[in-house]
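Report on one structure; see the data block that follows.
In the working numbering, the protein residues as written are 1 to 134.
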């Protein structure tokens, strides 16, 4: 579930609780750092992914960014397919962070991302993803 606007975190957590959904059955994604951070405080067992719209080129800046991901207690990090690379995936994994990639709709991209070790993809083509990752 993606939170597109910050300051809706309590309503999202309440809706998940009211629906009887277990924390492990849903993951919250957001580009908004504050939304990810607030969800982690409101419902610590609820997995969260901080979606990043950029990826620094320098390794030191990437390390700083991953430190921020850990600081806000995000469960994972998400990037656009055109931004992710094997070095970043390795850095994230070394810090215990899964990497999810959006929006992946082509078979070739799915296979390439699997090859560099991403942990999951966000796709408009679940039928194709199921075929590729069968």
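Ideal Cβ placement from N, Cα and C applies to all residues, glycine included.
By the DSSP assignment, the alpha helix (DSSP H) with residue i in it spans what residues?
{"i": "residue 13", "result": "9 to 18"}
{"i": "residue 132", "result": "126 to 132"}
{"i": "residue 43", "result": "Segment: none, residue 43 is in no alpha helix (DSSP H) and carries neither H nor E."}
{"i": "residue 108", "result": "107 to 115"}
Starting from residue i and walking both ways along the beta strand (DSSP E), at which residues does that stretch end?
{"i": "residue 30", "result": "28 to 30"}
{"i": "residue 52", "result": "48 to 52"}
{"i": "residue 101", "result": "99 to 102"}
Decide if residue i is buried, meaning its Cβ has at least 16 other Cβ atoms within 10 Å, or exposed.
{"i": "residue 110", "result": "buried"}
{"i": "residue 81", "result": "buried"}
{"i": "residue 200", "result": "Since the first and last residues shown for the chain are 1 and 134, residue 200 lies out of range."}
Give the DSSP bridge partners of residue i, in chain order.
{"i": "residue 2", "result": "29"}
{"i": "residue 121", "result": "101"}
For residue i and residue j, I'd like the C-alpha separation in whole angstroms.
{"i": "residue 83", "j": "residue 15", "result": "33 Å"}
{"i": "residue 112", "j": "residue 52", "result": "20 Å"}
{"i": "residue 6", "j": "residue 38", "result": "9 Å"}
{"i": "residue 68", "j": "residue 48", "result": "14 Å"}
{"i": "residue 60", "j": "residue 133", "result": "33 Å"}
{"i": "residue 46", "j": "residue 18", "result": "14 Å"}
{"i": "residue 71", "j": "residue 92", "result": "14 Å"}
Exercise. Of all the alpha helix (DSSP H) runs that stay within the bounds of the segment 55 to 86, which reach a length of 4 or more residues?
Worked result: The segment 55 to 86 contains these whole alpha helix (DSSP H) runs: 59 to 71.
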